[in-house]
């Protein structure tokens, strides 16, 4: 109704989900790539905060955190260090993700839309897909066990 996209992400440490969020974005995006890029930037902020928290707890993470996205255009925007004509309307704070990629704090990967676990937080799914994504996340329905 508002034309605002929904940001959704899920962060795992090993097989355990440790952080997740679903929130309507503050602005209307001009494209699905822009909406996905904003979601990636939001997830990146959470990753940086969690990495700092883990460091404070004595857990040093030497490897970049893997950030999966099912939108190829958003991945391209994140990887392209040039300020492109088609992305000039995206606020600079959204380009936070580019810096984290360049500093090797985050590495981006494409994931098939079929396998995107964050969809369980943002979309109305059929029973089969819902069950599939729940199993991917290691969740069990205790009423069916």
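In the UniProt record's numbering, the protein residues as written are 1 to 145. Idealized CB from N, CA, C, for every residue including glycine.
Query	Result
Who does residue 9 pair with in a DSSP beta bridge?	21
Short of 8 Å in beta carbon distance, which residues of its chain neighbour residue 68, apart from the five on each side in sequence? Order them along the chain.	108, 109, 110, 111 and 116
Check whether the region 43-63 and the region 138-145 are in contact - that is, three or more C-beta pairs closer than 8 Å.	no
Residue 40 and residue 74 look like a contact to me (Cβ under 8 Å); what is the Cβ gap, rounded to whole Å?	6 Å
Let me know the secondary structure DSSP gives residue 140 once reduced to three states.	coil
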